[in-house]
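Peer 1: Numbering that gives the first Met the number 0 applies: residue 0 is where the sequence shown begins, and numbers increase by one.
We put the beta carbon where it would ideally sit given N, CA and C, even for glycine.
Keep in mind that this is a model prediction, so the values were computed, not measured.
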Amino acid sequence: MSEQPRFVSKLVGDDAISIRAQDLASLRLISSKLRSGGDWLEVVDGIEDVTLLFDPATLSPDEALEKASDLEVTQETRSLSRQEVELSVQFGGENGPDMKDVCDQLEMSQDELISTLSESDLQVDMIGFTPGFAYISGLPEALNVPRLKQPRARVPAGSLGLAAGRCGTYALEGPGGWPIIGKISTPLFDKNNDPPFVLQAGMRVKLINEAHQ
């Protein structure tokens with residue numbers, strides 16, 4: 000039997016529980032298991048914890064805490080947490096208006112940056128700050144550029160950003176301050192799907208340079 004992830008759960012109010020684990024990989028396993036249970040109103044992924052929201056009218060705080068503390072991660076859950084999605088990306092040009100500035104800051108050519116991104120083993124850490132926006136880790140430490148000094152009022156859906164050592168994907172059109180280096184051709188949102196957003200916390204991500212397909 001695979002070793003169970005170690006974690007600590009505690010109440011953070013009358014209708015919420017916070018779970019912290021030994022590492023991010025364990026936290027994502029726990030999150031996947033909790034989502035499959037159906038006992039929670041919402042499972043909110045963070046970088047350092049997972050927050051569970053429950054209905055105190057149907058589940059007392061003590062019952063909710065006991066249920067959260069007794070979870071067991073199955074092999075099926077482990078398989079789901081390792082799900083990988085390939086994203087086809089159009090890098091640079093009008094689809095990546097900040098590509099040149101990013102490359103200049105990193106002292107890399109566009110081809111070098113694209114190659115590094117394509118070869119990196121990436122993972123979705125969490126979903127925020129707008130619906131479907133994925134924070135993606137796994138980049139080399141050298142790929143660290145600041146956010147834009149002046150955020151854009153409108154960033155097209157599918158835009159791929161790079162900032163603070165992470166990639167960020169805009170599933171929906173909206174404001175944003177990440178430097179945009181490309182556009183993802185793979186649809187990231189479909190209201191007819193469940194869940195409607197393609198990227199979920201814990202997923203592995205492979206970026207594919209569309210120019211080489």
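When the Cα of residue 200 is compared with those of 177, 26, 173, which residue comes out closest?
Peer 2: For this step, residue 200 is matched to residue 201 along the sequence shown. Among 177, 26, 173, the Cα nearest to that of residue 200 belongs to 26.
Peer 1: Excluding five sequence neighbours on each side, which residues of the same chain lie with their C-beta closer than 6 Å to the C-beta of residue 206?
Peer 2: Here residue 206 is taken as the residue at index 207 of the sequence shown, counted from 1. 86, 88, 116, 117, listed in sequence order.
Peer 1: Just to confirm the assignment: which complete beta strand (DSSP E) runs, minimum length 3, are found wholly within the region 23-88?
Peer 2: Segments of the beta strand (DSSP E) lying fully in the region 23-88: 41-44, 49-52.
Peer 1: Looking only at its own chain, which residues have a Cβ that is under 6 Å from the Cβ of residue 11, when we skip the five neighbours before and after it?
Peer 2: For this step, residue 11 is matched to residue 12 along the sequence shown. The residues are 17.
Peer 1: For residue 161, does the count of other Cβ atoms within 10 angstroms reach 16, so buried, or fall short, so exposed?
Peer 2: Against the sequence shown, residue 161 aligns to sequence position 162. Buried is the call here.
Peer 1: Classify residue 37 as buried or exposed, calling it buried when 16 or more other Cβ atoms lie within 10 Å of its own Cβ.
Peer 2: Counting from one through the sequence shown, the residue named residue 37 turns up at place 38. So residue 37 counts as exposed.
Peer 1: Is the CB-CB distance between residue 154 and residue 173 below 9 Å?
Peer 2: Sequence index remark: in the sequence shown, residue 154 carries index 155 (1-based). Sequence index remark: in the sequence shown, residue 173 carries index 174 (1-based). Their beta carbons are under 9 Å apart, which means residue 154 touches residue 173 by this criterion.
Peer 1: Let me know if residue 168 comes out buried or exposed under the rule of 16 or more other beta-carbons within 10 Å of its beta-carbon.
Peer 2: Counted from its first residue, the sequence shown places residue 168 at position 169. Residue 168 should be labelled buried.
Peer 1: Work out the CA separation of residue 142 and residue 163 for me, nearest whole Å.
Peer 2: On the sequence shown, residue 163 is found 164 positions in, with the first residue counted as 1. On the sequence shown, residue 142 is found 143 positions in, with the first residue counted as 1. About 8 Å.
Peer 1: Starting from the C-beta of residue 123, find all residues in its chain whose C-beta is less than 6 Å away, skip the five residues before and the five after it, and write them out in chain order.
Peer 2: Translated into the one-based positions of the sequence shown, residue 123 becomes position 124. Same-chain partners within the cutoff: 133, 135, 198, 200, 202.
Peer 1: Relative to the C-alpha of residue 210, which candidate in 104, 92, 43 has its C-alpha closest?
Peer 2: Along the sequence shown, read from residue 1 onward, the residue named residue 210 stands at position 211. Considering only alpha carbons, the answer is 92.
Peer 1: Contact defined as beta carbons within less than 8 Å: I believe residue 31 pairs with residue 68. What is the distance between those atoms, to the nearest angstrom?
Peer 2: Residue mapping note: residue 31 aligns to position 32 of the sequence shown, counting from 1. Residue mapping note: residue 68 aligns to position 69 of the sequence shown, counting from 1. That belief does not hold up - the Cβ atoms of residue 31 and residue 68 are roughly 17 Å apart, past 8 Å.
Peer 1: Going straight from the alpha carbon of residue 159 to that of residue 166, what length do you get?
Peer 2: Stepping through the sequence shown from its first residue, residue 159 is reached at position 160. Stepping through the sequence shown from its first residue, residue 166 is reached at position 167. Cα to Cα, residue 159 sits roughly 7 Å from residue 166.
Peer 1: Using DSSP with H/G/I as helix, E/B as strand and the rest coil, what is residue 122?
Peer 2: Residue 122 sits at position 123 when you count from the first residue of the sequence shown. Of the three classes helix, strand and coil, the one that applies to residue 122 here is strand, per DSSP.
Peer 1: Looking only at its chain, what residues have a beta carbon closer than 6 Å to the beta carbon of residue 176, apart from the 5 residues adjacent to it on each side?
Peer 2: In the sequence shown, residue 176 corresponds to position 177, counting from 1. Excluding sequence neighbours, residue 176 sits near 146, 147, 150.
Peer 1: Hey, quick one: how far does the beta strand (DSSP E) through residue 159 stretch, first residue to last?
Peer 2: Locating residue 159 in the sequence shown gives position 160, where the first residue counts as 1. Taken as a continuous stretch (DSSP letters only), the beta strand (DSSP E) holding residue 159 covers 158-162.
Peer 1: Who are residue 134's beta bridge partners in DSSP?
Peer 2: On the sequence shown, position 135 is the one that residue 134 refers to. Note: residue 134 sits in a beta bridge opposite 125, 167.
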